[in-house]
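S.K.: Take this structure first; my questions come after.
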DNA sequence: ATTTAAGCGAGACGGTACGTCTCGTCTTGAA
DNA sequence: TTCAAGACGAGACGTACCGTCTCGCTTAAAT
C-alpha cells in the first residue's frame, strides 16, 4: 500500500519548523505570518499549507520538536510525592521564556480559531490531564487519596493555577507554590 | 475651559458598541473587524479609531455596557460565607454564553496584543483579585483565615479554576465546585 | 450632488499609468503584473483594482494618455484624397514600435478576456471604423463613391490589412501600400 | 540506431489532445491549464511538458487532429475561379465556431508568447499564404493576373479580411464577400 | 535472462501572481 | 472639532498554476 509520487521533504519540514520558532521569537506571534515562515525557510507557501492548517499548528509542532514536552508520570511511592514530582516537572516547563511565550499564543489562538482549539485541546491539554489522572488513579487504588477534592477538580486546580499564572498575572511560578498545592490537595 | 468644535456623538458611541456586540455574536471574534463595526453601525472608521485603540477595547466597553460586570464584595459575617457568596456571583457571570464567549476572546487578545493585555489586566483582571483580597483581609482581621494557602495563592486558585474551565475544558462551572472550593480554602 | 469622502488621487493615477507604460516596455505584456505596476508606481494594489478591471485596461488608458490616438477625419475635397490622408495617419501610428507592441497585446487580451474584448471593441476598434465611415458617407453624398465594395467591406479591408500586418506578418507598413489601397478602393 | 526504453504512449497523446479540445470548449482558453489537461486526461504533467512546449502547442495539434485544416489549391482553369474556390474553402473553416474560437486564442497567444508566435507563423499562417501564392503564380504564368495589387498585397488583403472579421468584428463571413473580393482582386 | 534507459501517473517542491480583505491614515465637505 | 464617507499605501491571506524534481512502475531494446 504505497502512495505514488514524490515523498514529503523532511528537509523542508525542518526548515519550516525552525523558521517558525525563530520568527516567533523575533517578531512575536502577532507578527508571525505564513508568508514570513515561507520566506525565511526558503520554501513555498503551498508547502506549508499542504501540511499544516494554520500558523498555530506549525508552531505547536515546532514546540514539540524543540522543547521536551514529554509528560512525566512519576512513581515515587506515595501520592504526595508523586504530585510533588509532577508539579515540579510541569512548573519547570513554564519557566522557559520562549516556551511559555509560545504556549500563551497557542492558548490564545485556541480561543479564536475553534478548529485549532479542538486540536490543541485533544493533542496538548487533555494529555496533561490524563497524565495527572494516572497519578490520582494510582493513589485511589493505593487508598492514598484524600476524599475531598474530586479527581477532576484536582486537575482543574493544578492546571488552572499554572495557566492563570501564565496568562493573567504573568508571574513566574515559585517553588513555594508546590508545597502549598501538595499540602492542600494531598494532605488528608 | 471648553474647547470649540462639535461634541462627541453619544449616538455613534452607542451604535458602535451595540454593533460590536451583535457582530461578535454573528461572525465570532476572528471575523470581527473595525471596518465591519463601522459599516454595521453606520459610522466612519475614524470615529472608532478616535475613541478606542483596538477592536478588543470596543468589545470590552460593550461588555461592560451590556453585562453587569459589577464585582460584589459581600459581608456575610464569616469567611466561608463571604467566599461562597463571592464564588456564586463570579460563577454566575461565567454561565452567560455570550459573556464568556467575549471574555475568552479578550483574554486571547490580551496574550497577543501586549498593549491591550496591560489594559485588560489592570482594568479587569486585577480588580477582581482586589475584590477577593478585601474578603481575605477582612477574614484576617477577624481571625477567621486559615493559615495554609497564602492570600495570593487563594486568588490564583479561585481565578485559575474559573479561567481554566472557560479557556481549556470549556465545561460549565457546576455549583458542587463551590462547596469543594470553600471547604478546601476556608476550612482550617 | 457631490459625493462625500476623499477624492481620487490624480497623482496616483498618473504614477500607475506611467509605471504600466514603462514596465510593458521592460518586461513585455506577459511579464506585466498588477503587483509589479503597484510596486513600481508606489501605490497599493487595491488602488489599481478600484479603478481598472484588468492590466489591459490600465494599458489602454496609458496608451491613450501617451500616444496621440486621435483619429483624423480629413476633408481633402475628394474621396481618394480623403482616403489617402486617413490611411497615412493610420499607418503612421502603426510605425511607432512601443505603440504597436501594446496594441498587439491588447488585441490578444481582447481574444482571451471577453469582458475586455467588449471594451476594446467599442472603445477603440469601432471608433476607428466610424471615422472611416464618415469619409465614405461624405463620398456617397458627393457622388464620389465607387459602387463596388460596400462601405463595410472597405473598412474590413483597410483595418484587416493593417491588423494582419501587425499581428501576423509583423512587417512594417510601407507607403506603397497606400497607393495600392487607394487605387483599389477609390478608383471607379 | 534505436534507443532503448519505453515508447511514447499514443493513448496518452490522444487523451491529452482530446482533453485539451474538450476543456477549451468548457472553460475557455484563459481557463485552460496544463494541470487541468493532465487531470482530465488522466496523465501526468511531465508527459505533457515532455512533448509540447506550451498549452497553445497542444491546442494547435488538437485542432489539426480534429478539424480538417487541409489547404486546398484548386485548379479551376482561371484565376477568378481559383480565387473563388480558395476563398470559399477558407471562409468555410471560419464558420465552425469551435475552430475559430481556438484560432482566436492561438493568434492571441502568438502575440504574447514570442516562441509560440514563431511556430504559429511558420507552421500555420505562412502555409496558407504559400497556398494562395501558388494560385497567384499560376495566374501570372497564364497571363491571367491583373497588374494592380502586388501578389503579397493580395494575400494581405485576403487574410487580413478573414482575421479582422474573426478577431475584431466577430461577424460571420458571408458569401457576398467572396464576390466582392474576387471582382476586386481578379477583375482587371 | 539481465541490464539499461526511456516513458509513464502521481504528486511534492520553490516560486509567483492572483484578487480579496483589513489595517490604520488621510482627505473631503457638512454639521 | 467631530462626523460619515471613502480613497490611500501597505501587506497578509489562501488559491491556482507554473515548470521542475523525485518516486516506483512499466516497457522495450541491447547485452
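Protein chains in written order, with UniProt numbering: chain L, 1 to 188; chain H, 1 to 188; chain C, 1 to 188; chain Z, 1 to 188. All C-beta atoms in this analysis are idealised placements derived from N, C-alpha and C, irrespective of residue type, glycine included. Because the structure is a prediction, the values reported are computed rather than measured.
Mind pulling the chain L residues with CB within less than 7 Å of residue 149 of chain H?
M.R.: 180, 184, listed in chain order.
S.K.: Could you have a look at residue 12 of chain L and say whether DSSP puts it in helix, strand or coil?
M.R.: Helix at residue 12 of chain L.
S.K.: Are any of the Cβ atoms in chain H nearer than 9 Å to that of residue 238 of chain L?
M.R.: Shown here, chain L extends from 1 to 188; a query on residue 238 of chain L therefore has no answer.
S.K.: Which residues in chain H sit within 8 Å of residue 163 of chain L, going by Cβ to Cβ distance?
M.R.: The answer, in chain order, is 160, 163, 164, 167, 168.
S.K.: Give a yes or no on whether 9 Å exceeds the smallest Cβ distance from residue 153 of chain L to chain H.
M.R.: For residue 153 of chain L, the answer is yes, since a Cβ of chain H falls inside 9 Å of its Cβ.
S.K.: If contact is defined by three or more beta carbon pairs under 8 Å, each pair taking one atom from either stretch, is the region 136-149 of chain C in contact with the region 94-105 of chain Z?
M.R.: The region 94-105 of chain Z, when compared against the region 136-149 of chain C, does not touch it at the 8 Å Cβ threshold.
S.K.: Would you mind giving the Cβ-Cβ distance between residue 120 of chain Z and residue 173 of chain Z, rounded to the nearest angstrom? I have them listed as a contact below 8 Å.
M.R.: Their Cβ separation, rounded to whole angstroms, is 21 Å, which puts residue 120 of chain Z and residue 173 of chain Z out of contact at 8 Å.
S.K.: On the criterion of 16 or more Cβ atoms from any shown chain inside 10 Å, does residue 166 of chain L qualify as buried, or is it exposed?
M.R.: Residue 166 of chain L should be labelled buried.
S.K.: Please state the DSSP three-state secondary structure of residue 52 of chain Z.
M.R.: In the structure shown, residue 52 of chain Z sits in coil (DSSP, three-state: anything other than H, G, I, E or B).
S.K.: Is it right to say residue 164 of chain H is buried, meaning 16 or more other beta carbons lie within 10 angstroms of its own, or is it exposed?
M.R.: So residue 164 of chain H ends up on the buried side.
S.K.: Roughly how many whole angstroms lie between the Cα atoms of residue 76 of chain L and residue 160 of chain H?
M.R.: Their backbone Cα atoms lie some 27 Å apart in a straight line.
S.K.: Just verifying my parser: in three-state terms, what is the DSSP assignment at residue 171 of chain L?
M.R.: Residue 171 of chain L falls in the coil class under three-state DSSP.
S.K.: Is there contact here, the region 138-154 of chain C with the region 68-84 of chain C, by at least three beta-carbon pairs under 8 Å?
M.R.: With the cut-off at 8 Å, the region 138-154 of chain C and the region 68-84 of chain C touch.
S.K.: Touching or not, the region 177-187 of chain L and the region 53-70 of chain H, by the rule of three or more beta carbon pairs under 8 Å?
M.R.: The region 177-187 of chain L vs the region 53-70 of chain H: no contact.
S.K.: Can the beta-carbon of residue 18 of chain Z be found closer than 9 Å to that of residue 41 of chain Z?
M.R.: A contact, by the Cβ cut-off of 9 Å.
S.K.: Can you have a look at residue 2 of chain C and say buried or exposed, based on whether 16 or more other CB atoms are within 10 angstroms of its CB?
M.R.: That one is exposed.
S.K.: Express the C-alpha separation of residue 185 of chain L and residue 154 of chain L in angstroms, rounding to a whole number.
M.R.: Approximately 7 Å, taken between the alpha carbons.
S.K.: Got a sec: which bits of the region 124-144 of chain H sit with their beta carbon under 7 Å from any beta carbon on chain L, in order along the chain?
M.R.: Listed in sequence order: 125.
S.K.: Using a Cβ-Cβ distance under 9 Å, would residue 156 of chain L count as near chain H?
M.R.: Taking Cβ atoms only, chain H reaches closer than 9 Å to residue 156 of chain L, which makes this a yes.
S.K.: To the nearest angstrom, how far is the alpha carbon of residue 59 of chain H from that of residue 15 of chain H?
M.R.: Approximately 12 Å between the Cα atoms of the pair.
S.K.: From residue 209 of chain H to residue 56 of chain H, what distance separates their C-alpha atoms?
M.R.: Look at the range of chain H in this structure, 1 to 188, and you will see that residue 209 of chain H is not part of it.
S.K.: Shortest alpha-carbon distance to residue 21 of chain H belongs to which of H:162, H:101, H:123, H:125?
M.R.: Out of H:162, H:101, H:123, H:125, H:101 has the C-alpha closest to the C-alpha of residue 21 of chain H.
S.K.: Determine, for residue 105 of chain Z, whether the minimum Cβ-Cβ distance to residues of chain C falls below 9 Å.
M.R.: Cβ-Cβ to chain C under 9 Å: yes for residue 105 of chain Z.
S.K.: By the DSSP assignment, the alpha helix (DSSP H) with residue 94 of chain L in it spans what residues?
M.R.: Neither: residue 94 of chain L is in no alpha helix (DSSP H) and is coded neither H nor E.
S.K.: According to the neighbour-count rule (16 or more other Cβ atoms, all chains shown, within 10 Å of its Cβ), is residue 128 of chain L buried or exposed?
M.R.: Residue 128 of chain L should be labelled buried.
S.K.: State yes or no: is the C-beta of residue 107 of chain Z within less than 9 Å of the C-beta of residue 46 of chain C?
M.R.: Against a cut-off of 9 Å, the Cβ pair of residue 46 of chain C and residue 107 of chain Z comes out as no contact.
S.K.: Use the C-beta contact count for residue 27 of chain L: other C-beta atoms within 10 angstroms, 16 or more gives buried, fewer gives exposed.
M.R.: With fewer than 16 Cβ atoms within 10 Å of its Cβ, residue 27 of chain L is classed as exposed.
S.K.: Listed in chain order, which residues of the region 1-31 of chain H have Cβ atoms closer than 9 Å to some Cβ of chain L?
M.R.: Listed by position along the chain: 28, 29, 30.
S.K.: Residues in the region 61-90 of chain L with C-beta within 8 Å of chain H's C-beta atoms, listed in sequence order?
M.R.: Here the close residues number zero.
S.K.: Under the rule that 16 or more other beta-carbon atoms within 10 Å means buried, what is residue 6 of chain H, buried or exposed?
M.R.: Its Cβ having fewer than 16 others within 10 Å, residue 6 of chain H is exposed.
S.K.: Given a threshold of 16 other Cβ atoms within 10 Å of its Cβ, counted over all protein chains shown, does residue 156 of chain H qualify as buried or as exposed?
M.R.: Result: buried.
S.K.: Could you tell me if residue 105 of chain Z is buried or exposed, where buried requires 16 or more neighbouring beta carbons within 10 angstroms of its beta carbon?
M.R.: Counting Cβ neighbours within 10 Å, residue 105 of chain Z comes out buried, since at least 16 surround it.
S.K.: Mind listing the chain L neighbours of residue 95 of chain H? Cutoff is C-beta to C-beta under 9 Å, in chain order.
M.R.: Here the premise fails: no neighbours, minimum Cβ distance about 16 Å.
S.K.: Show which residues of chain L have a CB atom less than 8 Å away from the CB atom of residue 34 of chain H.
M.R.: Per Cβ cutoff of 8 Å: no residues; residue 34 of chain H is ~16 Å from chain L at best.
S.K.: Specify, as a first and last residue, the run of the alpha helix (DSSP H) that residue 151 of chain H falls within.
M.R.: Looking at the DSSP string, the run of the alpha helix (DSSP H) that includes residue 151 of chain H is 151-164.
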